[in-house]
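Number of protein chains: 4
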Amino acid sequence: MGVKTFDEYYDRLKKLRRNMYMGGEKIDRTDERIAGQLRVIKETYDRANDPEWEDLCTATSHLTGEKINRFTHIHQSVDDLLKKQQMTRLLCHRVGGCIMRCMGIDAMNALSVVTYEMDQLLGTETNQHFLKYLRYWQENDICANCAQTDTKGDRIQRPHEQADPDLYLRIIESRSDGIVVRGAKIDNTTAPVSDEIIAIPTRFMTEKDHDYAVAFAVPSDWEGVKMLVRPAYQHKRKYLEAPIAEVGDAESFTIFDDVFVPRERVFLDGKADPRQTPFAGFLALLFAHYHRHSYTGCKPAISEVLASSAALVSEYSGIEREDHVRDKLSHLIGTAELVFAAGQMSAYRGERSASGTYIPDEILTNAGRRLAGEEIYNEYKVVADLAGGLCSTMPFEEEFFSEETGALANKYLMRNPKVSSEDQHRCFRGIENMIVSELAGVTQVAGLHGGGSPQMETITMMSRYDLEGLKSIAKYLFGIKGELPRYERPTVTPKKMLEKFRNLMKGK
Amino acid sequence: MGVKTFDEYYDRLKKLRRNMYMGGEKIDRTDERIAGQLRVIKETYDRANDPEWEDLCTATSHLTGEKINRFTHIHQSVDDLLKKQQMTRLLCHRVGGCIMRCMGIDAMNALSVVTYEMDQLLGTETNQHFLKYLRYWQENDICANCAQTDTKGDRIQRPHEQADPDLYLRIIESRSDGIVVRGAKIDNTTAPVSDEIIAIPTRFMTEKDHDYAVAFAVPSDWEGVKMLVRPAYQHKRKYLEAPIAEVGDAESFTIFDDVFVPRERVFLDGKADPRQTPFAGFLALLFAHYHRHSYTGCKPAISEVLASSAALVSEYSGIEREDHVRDKLSHLIGTAELVFAAGQMSAYRGERSASGTYIPDEILTNAGRRLAGEEIYNEYKVVADLAGGLCSTMPFEEEFFSEETGALANKYLMRNPKVSSEDQHRCFRGIENMIVSELAGVTQVAGLHGGGSPQMETITMMSRYDLEGLKSIAKYLFGIKGELPRYERPTVTPKKMLEKFRNLMKGK
Amino acid sequence: MGVKTFDEYYDRLKKLRRNMYMGGEKIDRTDERIAGQLRVIKETYDRANDPEWEDLCTATSHLTGEKINRFTHIHQSVDDLLKKQQMTRLLCHRVGGCIMRCMGIDAMNALSVVTYEMDQLLGTETNQHFLKYLRYWQENDICANCAQTDTKGDRIQRPHEQADPDLYLRIIESRSDGIVVRGAKIDNTTAPVSDEIIAIPTRFMTEKDHDYAVAFAVPSDWEGVKMLVRPAYQHKRKYLEAPIAEVGDAESFTIFDDVFVPRERVFLDGKADPRQTPFAGFLALLFAHYHRHSYTGCKPAISEVLASSAALVSEYSGIEREDHVRDKLSHLIGTAELVFAAGQMSAYRGERSASGTYIPDEILTNAGRRLAGEEIYNEYKVVADLAGGLCSTMPFEEEFFSEETGALANKYLMRNPKVSSEDQHRCFRGIENMIVSELAGVTQVAGLHGGGSPQMETITMMSRYDLEGLKSIAKYLFGIKGELPRYERPTVTPKKMLEKFRNLMKGK
Amino acid sequence: MGVKTFDEYYDRLKKLRRNMYMGGEKIDRTDERIAGQLRVIKETYDRANDPEWEDLCTATSHLTGEKINRFTHIHQSVDDLLKKQQMTRLLCHRVGGCIMRCMGIDAMNALSVVTYEMDQLLGTETNQHFLKYLRYWQENDICANCAQTDTKGDRIQRPHEQADPDLYLRIIESRSDGIVVRGAKIDNTTAPVSDEIIAIPTRFMTEKDHDYAVAFAVPSDWEGVKMLVRPAYQHKRKYLEAPIAEVGDAESFTIFDDVFVPRERVFLDGKADPRQTPFAGFLALLFAHYHRHSYTGCKPAISEVLASSAALVSEYSGIEREDHVRDKLSHLIGTAELVFAAGQMSAYRGERSASGTYIPDEILTNAGRRLAGEEIYNEYKVVADLAGGLCSTMPFEEEFFSEETGALANKYLMRNPKVSSEDQHRCFRGIENMIVSELAGVTQVAGLHGGGSPQMETITMMSRYDLEGLKSIAKYLFGIKGELPRYERPTVTPKKMLEKFRNLMKGK
């Protein structure tokens with residue numbers, strides 16, 4: 002059966018080799034500092050096993066016809082894209098932030114397309130390897146990280162130009178049974194609790210960068226893989242239990258210290274076969290695309306979580322009816338709605354690739370993700386604005402429960418007399434977690450950069466957008482050119498994007 | 002047959018009584034100062050008669066099964082909503098701005114729902130009158146204005162509290178064969194070239210405002226109707242013909258100077274039947290809703306027209322590849338995409354009302370329209386930024402064609418050497434029309450206020466949005482309340498909105 | 002001598018009674034969790050004793066003619082206002098954020114004006130008490146907190162309307178030798194390391210709120226004063242020492258548990274003398290005004306600290322010359338310049354009050370402070386944008402120094418090859434402290450709310466601004482009124498503000 | 002005497018040769034289409050002759066000690082800079098926009114510095130020519146245009162690289178008695194009503210661009226000078242006279258058709274003396290700097306004019322007390338205050354150059370001008386928002402005065418019952434002029450581009466700002482470098498800027 006329980010998954014994790022480092026020590030997957038991240042991932046297993054969520058959180062494998070966790074599914078229809086987005090959004094509500102399991106499946110969807118296209122164009126057999134690996138995923142309900150971001154060294158140099166050739170992950174040896182890779186990947190959210198690490202390129206590679214055109218998957222405790230793990234801090238609660246206080250983030254700076262990868266787990270190898278090099282950029286972009294589409298699910302949820310908190314604290318403070326409060330709330334809500342709608346319409350405009358995998362629309366996905374990224378800091382500002390200073394100055398929990406100060410602290414916390422002091426406390430404590438904790442700082446940065454910063458979305462949009470088509474409107478209106486063709490939408494659709502890539506490849 | 006030609010329509014207009022005033026004189030519909038508006042409306046007839054546009058610009062009447070102009074169609078499906086939006090967008094590209102014919106059909110759609118609901122709840126027979134009137138519309142391909150905005154007097158007083166009771170349009174007499182109305186409606190775009198004027202309320206009416214709960218339709222030259230017409234100015238072209246230079250706007254300040262309306266053309270009469278009064282606000286909002294949904298079609302088009310001009314002038318000036326230029330263009334494009342997607346998703350989430358008419362989603366429609374309104378001035382700024390000062394300082398056309406200065410003027414206009422001097426001239430002349438003419442000022446104001454200003458969309462959004470549902474997220478995360486119900490979307494859907502209104506009515 | 006050393010001050014603190022609570026325990030002023038705040042305050046003593054800073058950080062007492070710390074000085078000239086602002090800015094650079102000692106002296110300046118005006122108008126002798134207290138301050142180089150913000154309960158109720166009458170600090174007994182007060186003040190930055198607490202009202206008080214019109218000063222360990230202390234967290238450094246890692250914040254939720262205040266330390270007593278009640282609002286606003294003027298010093302510094310970090314990390318990543326990087330940096334710099342200029346011009350427009358104390362211009366101070374508050378979250382966004390994700394995902398310090406992972410971690414951190422790995426590490430570690438630590442969250446909230454949120458500055462601006470004067474421009478231009486008087490500036494100057502208050506008082 | 006009357010000035014204009022072209026015809030300076038611009042200039046003569054304005058609008062010549070119009074004065078002190086800025090602001094209030102006479106005097110101030118520095122460095126005698134020309138200016142109260150913007154052809158090519166070498170103004174012959182120039186300058190506001198045209202370079206010139214390093218002055222009707230004139234349109238008023246309706250703009254596209262300039266009117270000649278070429282860029286920047294400082298006077302005025310209109314129409318519509326109205330007004334006011342303060346502080350930080358002329362601070366001037374430019378379109382949005390749609394749809398004036406419709410039109414225009422219908426009419430008519438006329442479009446573009454667009458101010462700021470100094474803060478805080486020097490302000494002051502240029506020149 003393709004849907005596992007959290008316990009089954011956690012049992013696997015416990016058995017993994019100790020290859021994680023934190024604070025100068027080797028730790029294993031039961032270290033309490035990564036428990037917050039496990040709490041998040043737990044939601045993805047629990048809901049898939051929950052009859053009320055089954056329709057959203059499970060899917061039917063196109064390989065086996067069996068029921069699987071949607072986080073291991075390859076999109077076979079527009080409906081799959083819509084459900085992926087909605088699942089992401091609803092699960093994020095439940096953990097008050099990132100659901101942390103998208104990366105893996107977004108990488109798998111990208112690989113399903115790219116390996117297929119590569120086989121068609123080059124006659125390779127990578128898609129077979131991939132499908133075998135996918136079957137393993139679906140049967141075991143695998144949780145994975147996608148390690149994309151290289152450390153990149155000097156940003157104005159290409160991989161092969163760096164002072165140290167290892168600053169981008171590279172193949173140092175390619176042989177028939179597999180490859181040996183060296184380098185590091187950073188910003189690897191979820192890696193500390195993942196079964197598998199999928200590594201893919203971070204950018205286009207030129208003809209001098211063949212060694213850097215590499216993609217593969219390895220178990221997260223594989224020989225040579227070293228994870229430097231960084232958790233995000235929140236104050237431990239002693240009295241007031243709450244979901245918001247239990248979740249956490251953990252990141253990995255993952256070093257591939259001369260790691261051997263067996264051939265059947267290699268999905269791109271520009272060193273052995275330089276014809277594969279152009280697929281590096283194609284894979285990089287397609288993963289980014291699926292991941293940005295996931296952001297059109299999670300970011301509206303985060304906007305809604307923030308709006309929800311802002312609305313609640315406004316009620317508790319008695320200012321809910323003020324004009325400026327409603328203006329600010331409606332701004333958060335409007336952003337959530339627009340970003341989610343962008344993702345939904347990207348799904349509706351999605352098209353089937355030759356591999357059978359559906360690809361959402363790029364322009365809209367990027368426009369939606371960009372708006373979310375542009376707004377993230379402003380959204381925190383709105384919550385801070387409506388919550389007032391107390392969320393950043395409130396005494397610790399213990400002061401509200403100690404004999405000496407508890408009664409006084411609770412007395413003076415009261416606002417709306419209809420709300421109990423404890424609920425007021427819970428509200429401000431929750432907002433403290435949400436906007437002034439270390440985790441808040443991480444969520445802000447992730448909201449800006451995750452899946453690519455607004456700068457990257459602009460670049461992607463402008464590289465896809467049919468600017469000449471657009472100009473035809475002005476040329477017609479200004480009398481520079483004759484008739485204006487019926488101009489449906491000046492966009493390179495998913496199919497055209499694939500075709501363009503194919504032509505590019507054939508042209509070589 | 003329900004699709005007429007422009008000439009058939011124009012012949013009707015020519016026969017209308019002279020009841021329009023401009024510059025102190027009575028004018029008729031052939032006055033050259035409103036020719037620009039006719040040029041716009043012409044597009045809606047020509048395209049409906051153009052085989053290449055037929056699928057978009059015509060529809061099948063649900064009354065007769067005959068082919069009709071889509072501008073006379075009542076939405077019978079999600080697809081109708083999508084097509085209306087797309088038609089609006091594509092036609093706006095062709096006229097470089099507002100297509101000016103939405104108002105009438107948006108009012109008709111609102112009436113189709115409200116009269117039906119009213120009949121169901123009150124046992125009236127208004128919908129029969131409406132359907133008969135609709136049939137006349139469809140058969141004759143009627144062009145109409147919707148006169149909604151009252152002059153409103155002192156904005157903090159309700160209609161019946163005004164110093165002058167006529168500052169909102171009101172029924173001064175209601176008798177069996179019809180009503181007599183007095184008052185004025187302003188901002189009546191298209192009225193100068195309309196066959197018909199449809200008057201509807203501008204706001205909710207209280208129990209003291211029964212006389213103001215009024216809706217009806219009259220021919221635009223009806224006895225007692227006086228239109229004070231204001232066209233928007235553009236410099237006449239002598240040499241460089243271009244669509245942008247031919248279009249124009251004309252507005253009417255429409256006075257109902259004790260006008261008798263026959264009963265079969267009355268759609269709301271709170272004076273005779275005070276039970277109808279609550280339907281005033283319902284109708285006001287529903288028209289605004291359809292009209293804002295139309296804006297999710299036209300506003301993206303205007304953003305695209307502006308982006309198109311900005312892209313073209315950037316190419317001509319040789320700065321197209323500059324980072325800041327691409328950033329700015331992508332901002333315009335992103336806005337267009339997001340607003341259009343909001344409208345499309347509003348259509349996909351649309352629901353069938355009891356009358357059979359489809360209603361799009363309110364939250365998204367308002368979020369989209371609001372973003373468009375918030376951005377309009379900024380979009381002009383981007384065009385001005387990329388065009389540079391010349392668009393506002395360029396000599397008149399004649400200087401480029403006169404013997405004495407023509408050669409010099411053309412010599413010094415040259416930028417990109419691959420583009421002819423005449424095309425450079427056409428480009429800057431077009432941008433002059435677009436951003437520094439009087440028409441530009443009108444388009445800016447219309448882009449902000451048309452269909453309701455951002456302020457109004459915020460109010461509508463917040464009155465529909467399920468804020469308590471939203472708060473349940475924070476309550477769950479903060480440990481204030483137990484389980485979080487699967488929270489699909491905290492919105493009052495179209496059906497729930499109708500239900501709410503019905504319950505409100507029944508509660509009385 | 003009026004300038005003390007840090008050690009002299011710290012010796013005083015050590016002797017204070019244990020009346021602070023943290024994590025359920027009583028703590029004293031040597032608790033290491035408040036050491037970060039002491040580190041900040043230390044700067045204010047060290048620089049006053051540093052010959053290179055003497056001109057800026059010391060002043061001459063107008064009471065004694067002796068040299069004193071500028072943080073105990075009452076502004077006697079425009080130059081004093083300018084120096085206060087510049088001192089604040091330069092010291093904030095050195096601690097990477099809030100210098101934390103403004104509040105006390107801002108309250109003292111407000112009291113110097115208000116007690117004098119009160120004496121003049123009511124014949125009281127409060128200013129004498131104040132001057133005696135000031136002398137004590139100046140002689141001992143006192144560090145103080147100003148406790149202004151009441152807990153405020155239900156925000157739509159006035160103090161006397163609250164369900165619990167103690168939700169605003171109030172006088173429960175007034176007798177000849179002093180008063181007894183009950184209530185709490187929140188958001189009391191610096192209180193944990195202050196010698197003295199100065200309490201002042203948070204808003205205007207009506208005739209039913211006499212008991213709440215209260216201002217006084219007490220030693221911070223005074224009988225009945227209980228401080229619930231909350232420090233802001235930063236990861237302790239083990240290897241890379243840096244000023245940024247040593248500073249910290251600590252806030253107090255200060256409870257006045259029936260505290261007796263001797264008469265000579267009481268500066269406002271509406272209970273005994275209801276004529277004093279209107280001075281509550283006057284004092285509240287005047288403190289806010291001085292404090293906002295201090296913000297025109299500290300906020301530009303924070304913008305510059307953020308800009309500085311953003312510029313440094315851009316250099317290290319090799320992107321310093323990119324257009325978008327320079328655009329973003331220049332935005333931060335521009336904000337800093339405009340806010341600082343607003344404060345400087347407020348000083349230049351400052352006027353001498355009858356008490357001899359100088360008051361800066363209100364409109365400009367508020368316009369400057371507001372811009373700073375509106376921009377604060379956006380400024381963090383820029384730093385995050387240019388720093389990239391690593392600042393939020395970087396492994397702990399130990400991983401860079403351990404035998405097993407140190408070499409690898411340092412190898413992969415390299416960017417600009419001219420910068421050592423350690424400096425790259427220091428840079429990202431510093432930015433981590435600056436934008437993803439708990440302290441960062443507190444600084445964001447403080448940057449928005451400290452001294453009053455943008456909403457409050459708008460209210461203050463609009464209550465002072467001469468709107469009728471402003472309208473005279475349009476009236477002239479539109480031909481509604483004749484000649485336009487030479488219209489220097491439509492503002493209530495400091496002197497006019499005082500005069501207005503005096504007239505208001507006399508009118509009673 | 003150095004202060005002339007408007008009539009004296011106008012008499013001169015009338016005598017000028019007919020060298021202006023409009024609509025295919027030669028026109029002279031009495032053409033009614035440029036009367037609006039004359040109306041603006043009139044203000045600068047009238048106020049200088051008005052005893053109440055004398056202190057601001059006149060100055061004492063440092064050449065002759067006589068009283069002169071401040072528009073012909075070279076800044077000899079900080080006070081002169083402050084008065085120039087304030088004069089500009091107050092006069093702009095009176096004409097509802099640009100006062101149009103700054104350009105000339107801003108160019109003269111720049112020339113006073115640059116010719117002096119050039120003489121010092123190169124031993125030329127240009128400053129003597131300049132001073133003689135200045136004396137002529139001051140004695141005759143000369144009104145001049147500064148023609149800076151070349152047509153520029155392809156923007157990515159330098160002057161000598163253009164397909165047509167005339168696309169930047171150039172010297173085609175340099176001989177002992179003078180030079181012959183060919184080319185064109187655009188965006189020449191005020192040129193149609195100027196006595197003199199001063200031409201200066203638009204950018205830095207390289208060693209291949211010697212012929213383009215040229216500056217000179219000629220009478221505006223000089224042989225070979227041809228002006229293609231474009232006025233901005235406003236509807237003529239018949240009934241409601243008002244200053245707003247009388248003002249207008251006129252621009253010139255000025256062609257130098259092989260114009261001989263006598264040597265004593267030549268201020269820069271890179272063709273004859275290539276050592277002068279680097280002064281081209283110096284002069285271009287210094288003029289821009291003075292002109293941007295003028296913008297810190299006019300742009301606050303325009304913000305205030307818009308705010309004034311918005312406040313007035315809000316009062317007339319009865320919404321003045323609404324929260325959102327006050328928010329929006331305060332935003333306009335705040336921008337005006339901040340920009341004006343930036344200019345004032347630039348003056349206070351101004352420094353005396355070796356020539357005796359004062360130069361304001363560059364960073365602040367640019368930061369202020371940039372904010373103004375960024376906000377201009379948004380400010381129009383606020384006025385449109387508060388005025389509502391009527392300002393763009395209101396019937397023509399005649400409809401309010403005709404027998405047939407006047408009473409009705411006036412009846413329905415009523416809002417606030419305390420305000421007469423005529424004043425309501427005047428208010429909306431004025432706002433129509435202000436935001437939907439062709440002149441409004443021109444003012445928008447000018448507000449963005451005049452003196453250089455925000456993009457240009459960013460470039461100037463970043464080229465002056467001491468970024469390495471700024472980074473020292475982060476280096477200190479992060480422990481990368483030791484002590485932080487007392488860091489007053491990381492700016493290249495005016496004196497340092499001059500020194501830098503001198504060193505650059507000497508280095509050659």
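Residue numbers (the numbering used here), protein chains in the order written: chain A, 2 to 509; chain B, 2 to 509; chain C, 2 to 509; chain D, 2 to 509. A virtual CB, placed ideally from N, CA and C, is assigned to each residue, including glycine. In this text the structure is predicted, and so the values were computed from the model without any measurement.
(request) Would you kindly report the start and end of the unbroken alpha helix (DSSP H) that includes B/Ser347? (result) 324 to 349
(request) Put C/Ile377 into one of helix, strand or coil per three-state DSSP. (result) Helix.
(request) Figure out for me which residue from A/Phe401, A/Ile364, A/Ala312, A/Arg136 has the closest Cα to the Cα of A/Asp350. (result) Looking at the sequence provided, one finds Arg at residue 350 of chain A rather than Asp. The option with the nearest alpha carbon to A/Arg350 is A/Ile364.
(message) Against chain C, which members of the segment 319 to 334 of chain B pass a CB distance test of less than 7 angstroms?
(response) Asp324, His325
(message) I want to see whether chain E comes within less than 8 angstroms of C/Asn379, judged by CB atoms only; does it?
(response) Annotation note: the requested chain E is absent from the structure, which comprises protein chains A, B, C and D.
(message) Within the continuous beta strand (DSSP E) that includes A/Arg171, where are the two ends?
(response) 171 to 176
(message) What ranges does the beta strand (DSSP E) occupy inside the segment 155 to 214 of chain A, keeping only unbroken runs of at least 3 residues that lie completely in it?
(response) Runs found: 171 to 176, 179 to 186, 197 to 200.
(request) Go ahead and pull the three-state DSSP assignment for B/Pro270. (result) Residue identity differs from the one stated: residue 270 of chain B is Asp in this sequence, not Pro. Strand, per DSSP.
(request) Could you name the residues of chain C that A/Gln456 contacts, counting a contact when the two beta carbons are closer than 9 angstroms? (result) His325, Asp386
(message) Looking at B/Lys68: is its Cβ nearer than 8 angstroms to the Cβ of B/Val4?
(response) yes
(request) Could you name the residues of the same chain whose beta carbon sits closer than 8 angstroms to that of B/Phe217, not counting the 5 residues immediately before and after it, in chain order? (result) Ile180, Val182, Ile199, Ala200, Val262, Arg266, Val267, Phe268, Leu269
(message) Using 8 angstroms as the threshold, is the C-beta distance between B/Met109 and A/Ser331 below it?
(response) no
(message) Less than 7 angstroms between C-beta atoms, sequence neighbours within five positions excluded: which residues of the same chain meet that for B/Asp222?
(response) Leu17, Arg18, Asn20
(message) Taking CB distances under 8 angstroms as the criterion, tell me whether A/Met346 reaches chain B.
(response) yes
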